[in-house]
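Here's the structure we're looking at; comments come further down.
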Amino acid sequence: MNPQINALLGQAFQYFEQGNPDAAEPILLKILQMHAKNFDALHILGVIKAMRNDQQEAIKLFRKAISIEANNNFLHFNLAKALLEVGKDEDAIAHHRKAVQLAPGHVEAWLNYGVSLTNLGRYEEALSCYEKVFALEPRFPKAWVNYGTVLYKMARYQDALAAYDKALALVPDHAESWSNSGAALAKLEGYQAAVGAYEKALSLNPALAETWFNYGVALRRLERYTDALAAYNKALEIDPSQADAWKESGNVFYALRWYEAALTALDKALAISPSDADIWMSKGAVQMAMQHSQEALTSFEQAITLQPQSASGWLQKGWSLSLQRRYDEALVAYEQALTVQPDQDWLYGNWVHCKLLLCDWRDYTSNVAKLHSLIAENFNTAEPFAVLATTDDPLIEMQCAQRYTQALYPDKRDSTAWPTATRGSRIKIAYFSADLHQHATAHLIMELFELHDRTRFEIIAFSFGAPSEDSARQRITTAVDQFIDVREKSDQEIVALSRSLGIDIAVDLKGYTTQSRMGIFAHGAAPLQVSYLGYPGTVGAPYMDYIIADATVIPPELSRFYSEKIVRLPHSYQVNDRTRKIADNIFSRAELGLPEQGFVFACFNSSYKITPDCFDIWMRLLDQVPGSVLWLFEDTPGVTSTLRVAAGDRGINAERLVFAPRLDAPLHLARHRQADLFLDTFNYNAHTTASDALWAGLPVLTKQGNTFASRVAASLLTAIGLPELITTSNEEYAALAIQLASNSELLASFKLRLSTNRLSYPLFDSSKFTRHIESAYHAMHERRLKGLEPAHIDISD
23 MNPQINALLG
33 QAFQYFEQGN
43 PDAAEPILLK
53 ILQMHAKNFD
63 ALHILGVIKA
73 MRNDQQEAIK
83 LFRKAISIEA
93 NNNFLHFNLA
103 KALLEVGKDE
113 DAIAHHRKAV
123 QLAPGHVEAW
133 LNYGVSLTNL
143 GRYEEALSCY
153 EKVFALEPRF
163 PKAWVNYGTV
173 LYKMARYQDA
183 LAAYDKALAL
193 VPDHAESWSN
203 SGAALAKLEG
213 YQAAVGAYEK
223 ALSLNPALAE
233 TWFNYGVALR
243 RLERYTDALA
253 AYNKALEIDP
263 SQADAWKESG
273 NVFYALRWYE
283 AALTALDKAL
293 AISPSDADIW
303 MSKGAVQMAM
313 QHSQEALTSF
323 EQAITLQPQS
333 ASGWLQKGWS
343 LSLQRRYDEA
353 LVAYEQALTV
363 QPDQDWLYGN
373 WVHCKLLLCD
383 WRDYTSNVAK
393 LHSLIAENFN
403 TAEPFAVLAT
413 TDDPLIEMQC
423 AQRYTQALYP
433 DKRDSTAWPT
443 ATRGSRIKIA
453 YFSADLHQHA
463 TAHLIMELFE
473 LHDRTRFEII
483 AFSFGAPSED
493 SARQRITTAV
503 DQFIDVREKS
513 DQEIVALSRS
523 LGIDIAVDLK
533 GYTTQSRMGI
543 FAHGAAPLQV
553 SYLGYPGTVG
563 APYMDYIIAD
573 ATVIPPELSR
583 FYSEKIVRLP
593 HSYQVNDRTR
603 KIADNIFSRA
613 ELGLPEQGFV
623 FACFNSSYKI
633 TPDCFDIWMR
643 LLDQVPGSVL
653 WLFEDTPGVT
663 STLRVAAGDR
673 GINAERLVFA
683 PRLDAPLHLA
693 RHRQADLFLD
703 TFNYNAHTTA
713 SDALWAGLPV
723 LTKQGNTFAS
733 RVAASLLTAI
743 GLPELITTSN
753 EEYAALAIQL
763 ASNSELLASF
773 KLRLSTNRLS
783 YPLFDSSKFT
793 RHIESAYHAM
803 HERRLKGLEP
813 AHIDISD
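Every position in the sequence shown, counted from 1, becomes a number in the numbering used here once 22 is added.
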């Protein structure tokens, strides 16, 4: 070698070793001017460029050096590392491999090799590399961290956690390891432990924006919403461009029901990341909760545009269309979701229910059979309400409710014991509902609020429905001791309020119906929690202590299909308001679109309750009773024409189906006078519509089944003294309908008995009913006072 070059190289190397690369660089450049292919100068200069993060220049120099000396392990190591730094892992692999072949004991080379393999998703090979590191140097913290990261990416969270623990045993104050441990713990649903790990990491390095974000996610999982928001704010202080932090802030505001704040946060997320479909989905969910279904639809459509294969997007689009009663369009959205992902949670049940709403009975038998099979196999198949009209099997309904509850509303009651029950001056009863306005539930229960014995009971209404100033709201507000609007409060806030008021018994009037708030009861609003009136079936929740029923809707032999303990009232479970007004209007048949002559079968139930079996029987009745018509409720868009076509397909003139538009309640009750017989649906009976008919003097013919929903009309008929109108088979139902339509004297006798019994039998005896349900509340409370667990209770007359 040229002595001058050799001397210069020695000088450059000395500067480099002394940590003075700036002094070494000009000497190395001078050497390369003298000898462009000097291996050592190229190599050292490449290292200097890499140290300054000029990786591209370093790569050029290393490649030139390799062309001179291809078997230098350090050179391959440095070139691989530079390629790794610029994200060229695929190019780096060959040099990683060469480096470890030339120097199998080079720990750092094995480490970097593992990193590139990890980046390429070649996890098993990456693990092998790190295991080589451990064989050479078991006390290498960085290797344990990387090893844990690979295991985490492979969803082996418990193994990842063990690796991070190894790293922390070596370097206890390593913030990254604590942060990674938190992430693994969160994946294992150990959120409390994850919070502790994140807090340790942040105490060591409070500048970790991603850790603040993950900390917030864990806090949100623990429902520590205020703390979660503070964590997200910290993450955004460090890195304002974190769209995910704004998105998760929006999700927390959504959980708190602070909807305007949620929209503001989500809009900030979209300003940063407008192509993130998940953010659009979150925005749509908030808009849905605000009942802005058209705006929600726009958000879901934007999400679908960005992510056309999102089954969740199509599902939510379908749901937003359903809320706008655009069921035909909703059905298309559900079917698109089924095409994308048939096993999307809760999709299949929504699709089947939407078809029922439209009376679209194509492949009805096979669709329903599949629905029930999926429920029996414990899939997240359907919301419980969507199943009620499809089955007469209470086991299917219980399985569906239990799965839904477990998935979305698990038991979250804290371990803090309730205060010891003491005999106070009054038992505090709280009724929870979104329907305390002009609604079927309110129409039934209003008089009960007025009749409750205020010397024994304090009555509080918790309303989480839309604000209203209608007459029903005003009457309820006047009737109760306290009316509390909680629609903008979170479940936890409502629970805290309920507990602060010392509520003894919380009565849920919603169950799994629209705008339900099962999360309130999942957190424990009161020592005793009761399901009543709104939902005809079990909610499948361990925290719902009782369901109020009667011996008809839940006879003892069917009790096993209810997770709640059964409280049986002596007559019908259904409360009624005997003050309900029936308009004085005397409608003519012509005014109602009915023929002047002929028998009028009527059914004012919702369309989803009409099954093909039921409709087939109705059409046979029209065929066998000349001149008769079927008077149905005109409610669901598009169903009028669908049912008329279905009638024609069964040989019945479509004009024999007459449709009644929606009217105010007093007028609706008055028009019942022009019908001759109310035909009930099955498997989901008339409930409020049946008591409407009976109150208006119209006999109801029902078929009793095995589920709560299929036994309600039987309960009402029993309580009004007309049990002969209860049938138990299709044949019996059809035969009795024909008999009543053909025998005017028999029908008249039932109408006379109904008129006589209307104000003398228990069904519409509101005072007697109030005494019975108060006895039920007292019995529940007495068991608690005695330290006894909930049990079945039968109330005597």
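Think of the CB as a built atom: it goes at the ideal place given N, C-alpha and C, for glycine as much as any other residue.
Beta-bridge pairing of Phe543 - partner residues as DSSP gives them
In the DSSP output, where bridge partners are listed per residue, Phe543 has none listed.
Is it buried or exposed for Pro194, if we count other Cβ within 10 angstroms and need 16 for buried?
Classified as exposed, Pro194 has fewer than 16 neighbouring CB atoms from the shown chains inside 10 Å of its CB.
Contact between the region 534-548 and the region 688-708: three or more CB pairs below 8 Å?
Cβ pair count under 8 Å is below three, so no.
So the alpha helix (DSSP H) Phe401 belongs to, where does it begin and stop?
For Phe401, there is no enclosing alpha helix (DSSP H), since its DSSP letter is neither H nor E.
Whole-angstrom C-beta distance between Leu785 and His593, which should lie under 8 Å:
The Cβ separation is near 7 Å, so the contact holds.
Can you give the Cα-Cα distance for His375 and Phe655, rounded to whole angstroms?
Distance between the alpha carbons of His375 and Phe655: 18 Å.
Quick one: is Pro416 buried, meaning 16 or more other Cβ sit within 10 Å of its Cβ, or exposed?
The residue is buried, with at least 16 neighbouring Cβ atoms inside 10 Å.
Please work out which residues of its chain come closer than 6 Å, Cβ to Cβ, to Pro406, disregarding the five sequence neighbours upstream and downstream, and give them in chain order.
Excluding positions up to five away in sequence, the list reads Cys422, Ala423, Tyr426 and Tyr534.
I need the straight-line Cα distance from Ser610 to Val651, nearest angstrom please.
Spanning the alpha carbons of Ser610 and Val651 requires a straight line of approximately 16 Å.
Identified DSSP bridge partners for Gln504:
Beta-bridge pairing links Gln504 to Ile482.
What separation, rounded to the nearest whole angstrom, lies between the Cα atoms of Thr664 and Asp492?
Taking the straight line from one Cα to the other gives about 34 Å.
Are Gly660 and Tyr349 closer than 9 Å when you measure CB to CB?
The answer is yes: Cβ separation under 9 Å.
Around the C-beta of Glu480, are 16 or more other C-beta atoms found within 10 angstroms, so that it is buried, or is it exposed?
Glu480 should be labelled buried.
Where Ala58 falls, given that 16 or more other Cβ within 10 Å makes a residue buried
By the neighbour-count rule (16 or more Cβ atoms within 10 Å), Ala58 is not buried but exposed.
With respect to the alpha helix (DSSP H) encompassing Gln460, which residues constitute its N-terminal and C-terminal limits?
Element bounds for Gln460: n/a, residue is neither H nor E.
Take every Cβ of the region 448-465, pair it with every Cβ of the region 523-541, and state whether three or more of those distances are shorter than 8 Å.
As far as the Cβ criterion goes, the region 448-465 touches the region 523-541, which means the pair count is three or higher.
Thr729: buried (16+ other C-beta within 10 angstroms of its C-beta) or exposed?
By the neighbour-count rule (16 or more Cβ atoms within 10 Å), Thr729 is buried.
For Phe61 versus Asn94, is the C-beta distance shorter than 9 Å?
The answer is yes: Cβ separation under 9 Å.
Backbone secondary structure at Leu531 - three-state DSSP:
Of the three classes helix, strand and coil, the one that applies to Leu531 here is coil, per DSSP.
Option nearest Pro617 by Cα separation, candidates Pro648, Arg600 and Gln214
Answer by Cα proximity: Pro648.
4 or more residues per run - each alpha helix (DSSP H) lying fully within the region 272-303:
DSSP runs (the alpha helix (DSSP H)) wholly in the region 272-303: 281-294.
Leaving out the 5 sequence neighbours to the left and right, which residues in its chain are closer than 6 Å to Ile506 when beta-carbon positions are compared?
Around Ile506: Phe484.
What whole-angstrom Cβ distance do His803 and Leu591 have, given they're in contact under 8 Å?
Contact flag wrong, Cβ pair sits at about 16 Å.
So, is Asp526 buried or exposed, given that buried needs 16 or more other C-beta atoms within 10 angstroms?
Asp526 is buried by the Cβ-count criterion.
Name the two residues that bound the continuous beta strand (DSSP E) containing Lys222.
Looking at the DSSP string, Lys222 is not in any beta strand (DSSP E); the run it does join, the alpha helix (DSSP H), is Tyr213 to Leu226.
Residues in the same chain with beta-carbon distance under 7 Å from Ala80, minus the five sequence neighbours each way, listed in chain order, please.
Answer for Ala80: Gly68, Lys71, Ala72 and Ala104, listed in chain order.
8 Å contact criterion, which Gly272 and Ala291 should meet: CB distance rounded:
Rounded to whole angstroms, the Cβ separation of Gly272 and Ala291 is 7 Å, and the two are in contact under 8 Å.
Indicate the three-state DSSP secondary structure (helix, strand or coil) for Ala92 in the structure shown.
Collapsing the DSSP output to three states places Ala92 in coil.
Roughly how many whole angstroms lie between the Cα atoms of Glu357 and Asp113?
Taking the Cα positions, Glu357 is about 45 Å away from Asp113.
For Ala624, I'd like the list of residues in its chain whose CB is within less than 6 Å of its CB, leaving aside the five on either flank, ordered along the chain.
Excluding sequence neighbours, Ala624 sits near Trp653, Ala697 and Phe700.
Per DSSP, what kind of secondary structure is Leu555 in: helix, strand or coil?
Reduced to three states, the DSSP call for Leu555 is coil.
Under 9 Å between C-beta atoms of Ala45 and Ile53:
Ile53 sits away from Ala45, with the two beta carbons spaced by 9 Å or more.
Inter-stretch contact (C-beta, 8 Å, three-pair minimum) for the region 630-645 and the region 366-382:
Short answer: they touch.
Confirm, please, whether the CB-CB distance from Gln551 to Phe486 is below 9 Å.
Pairing Phe486 with Gln551 gives a Cβ-Cβ distance that is not under 9 Å.
Any chance you could list the alpha helix (DSSP H) runs of at least 4 consecutive residues sitting entirely within the region 587-665, in chain order?
The qualifying runs are 634-646.
In whole angstroms, what is the alpha-carbon distance linking Leu345 and Ile482?
Leu345 and Ile482 have their C-alpha atoms some 30 Å from each other.
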